[in-house]
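Below is one structure, written out as structure tokens; comments come after it.
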Amino acid sequence: MGLFDKLKEAFKKPEDYKAPIDLMKEQEETAIQEPVVEEVEVIEPVEVEVKETEPVVEENTQEKYTKGLEKTRKTFSERMNELFANFRSVDEDFFEEVEEALIGADVGFETSMKITEELRQEVKLQNAKKPAVVQNLIIEKLVDLYEAEGIGENNAINLQENGLTVILFVGVNGVGKTTSIGKLANQYKLEGKKVLLAAADTFRAGAINQLVVWGERAGVEVVRGKEGGDPAAVVFDAVVRAKKEHADVLLVDTAGRLQNKVNLMNELEKIKRIIEREIPDAPHEVLLVLDATTGQNAMVQAKQFKETTDVTGLVLTKLDGTAKGGIVLAIRNELHLPVKLVGLGEKITDLQEFVPEDFVVGLFKELMQDESK
Ligand SMILES: Nc1nc2c(ncn2[C@@H]2O[C@H](COP(=O)(O)OP(=O)(O)OP(=O)(O)O)[C@@H](O)[C@H]2O)c(=O)[nH]1
Ligand SMILES: [Mg+2]
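Per numbering that gives the first Met the number 0, the very first residue in the sequence shown carries number 0; after that it's consecutive.
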């Protein structure tokens with residue numbers, strides 16, 4: 000089953016699927032209409048049951064995505080509503096408006112052009128006239144392209160089954176490197192892994208301490224040097240110690256800002272070489288952290304880093320605080336770097352492995368239209 004079919008299923012759910020509490024309400028309503036008063040009383044103990052089952056509900060990954068992508072989803076809906084508010088017919092003006100709406104939703108320029116072009120052909124082919132049908136076609140094209148561009152993409156972290164996994168975090172200042180490391184350390188620790196952190200941002204005042212605080216929160220050790228010291232030396236110490244202590248995972252924090260960009264890139268290269276020298280197939284991941292709230296700016300950063308560093312995947316943070324979640328589509332279609340982790344909030348548990356299906360459902364499920372209307 001393709002991704003779009005899954006989305007259609009998710010769309011159907013709200014109608015077919017009745018949460019227990021809704022069922023209760025229905026029973027209650029039916030009962031109230033009944034002329035016999037005794038039957039109303041029978042309902043009461045059932046209400047107590049509802050209260051008892053409530054706290055059991057645990058948030059699953061899909062729910063986290065749905066919550067984290069709320070702002071993006073709303074903006075997408077608003078744009079679609081605007082688009083179809085004055086809808087008369089599918090003419091050239093309409094296609095131009097679709098293109099603008101998509102660009103405005105941060106799915107990227109190239110992607111927007113591609114979708115609109117495909118839509119033109121499909122609308123003609125199907126002779127689609129109804130707004131609901133056309134809207135579903137737009138979503139279908141978006142999902143299909145997203146799915147097609149993701150073929151062969153590995154969204155999982157390259158964890159070594161035996162031995163140490165080294166993950167290097169890179170990215171400009173303020174994007175969420177240190178925070179994501181703290182969250183990931185916590186996850187791995189809870190999975191029973193032995194985790195070590197390396198504080199290789201020796202440049203920014205307070206950066207080492209920030210990582211130490213995260214280390215305490217997650218209950219993992221941090222290898223640190225002096226502020227202003229050589230980051231490569233810290234990384235060397237950390238790798239040696241991780242090997243000696245048979246750690247499972249070593250997460251390396253790096254500086255987001257140095258005197259200039261060339262220095263930053265040179266330093267990252269040096270850190271990478273040190274790791275490679277100690278463990279030939281490491282680092283197993285070089286994760287570029289991007290702040291989703293910066294939209295197209297994040298795309299520019301990704302292109303720059305990709306040119307100078309062997310980035311293996313992306314961490315997209317702050318998706319919860321932005322309406323620019325559409326950027327995931329732009330990243331897939333234009334960068335061809337797999338998103339591996341997403342930040343969906345500030346809590347220690349708010350870093351998720353990237354699940355392409357949950358993402359699509361979280362983004363589009365309320366946008367699907369009932370075509371029979
Ligand atoms: N809402 C939200 N905030 C986040 C997320 N990830 C990080 N942040 C916030 O972003 C801010 C910057 O995070 P840091 O981890 O310090 O960023 P950094 O990349 O290490 O920055 P430098 O050390 O300056 O290079 C902090 O206030 C974090 O709480 C997220 O997924 N959601
Ligand atoms: Mg930092």
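Cβ coordinates follow ideal geometry from the N, Cα and C atoms, glycine included.
Short check: CB of residue i to CB of residue j, under 7 Å?
i	j	result
LEU286	GLY312	yes
ASP143	ILE326	no
ALA184	ALA217	yes
LEU334	ALA297	no
ALA231	ILE273	yes
VAL219	VAL194	yes
ILE207	ALA197	no
Classify residue i: buried if its beta carbon has 16 or more other beta carbons within 10 angstroms, exposed otherwise.
i	result
VAL39	The predicted model places VAL39 with a pLDDT of 42, which falls under 50 and marks its position as unreliable; any figure quoted below should be read in that light. That one is exposed.
PRO337	buried
GLU266	buried
GLU48	Any answer about GLU48 is weak, because its pLDDT of 45 lies below 50 and its placement is not dependable; what the coordinates show is given next. Looking at its Cβ environment, which holds fewer than 16 other Cβ atoms inside 10 Å, GLU48 is exposed.
ALA84	exposed
ILE156	buried
LYS50	Residue confidence for LYS50 is low, a pLDDT of 44 falling below 50, so the modelled location carries little weight; the figure read from the coordinates is stated next. Per the 10 Å Cβ criterion, exposed.
HIS283	buried
THR348	exposed
ARG78	buried
Could you have a look at residue i and say whether DSSP puts it in helix, strand or coil?
i	result
ALA237	helix
ILE20	Annotation note: pLDDT 46 at ILE20 (below 50); position unreliable, coordinate value reported separately. Correct three-state label for ILE20: helix.
ASP290	strand
ASP252	strand
GLY191	coil
VAL47	Its pLDDT being 41, under 50, VAL47 is placed unreliably in this model, and the value from its coordinates should be taken loosely. Reduced to three states, the DSSP call for VAL47 is helix.
GLN134	helix
PHE202	coil
ASN154	coil
ILE347	coil
VAL122	helix
VAL338	strand
THR178	helix
GLY320	helix
VAL327	helix
GLU226	coil
ILE278	coil
Can we count residue i as close to ligand 2, meaning its CB is less than 6 Å from some heavy atom?
i	result
THR177	yes
ASP290	no
ALA147	no
ALA373	It is not possible to answer for residue 373, since the shown part of the chain is limited to 0 through 372.
ASP247	no
ALA9	no
ALA206	yes
Just to check, is the beta-carbon of residue i closer than 6 Å to a non-hydrogen atom of ligand 1?
i	result
GLU215	no
Quick one: is the Cβ of residue i within less than 6 Å of any heavy atom of ligand 4?
i	result
VAL222	Among the ligands in the structure shown, ligand 4 does not appear; only ligand 1 and ligand 2 can be found there.
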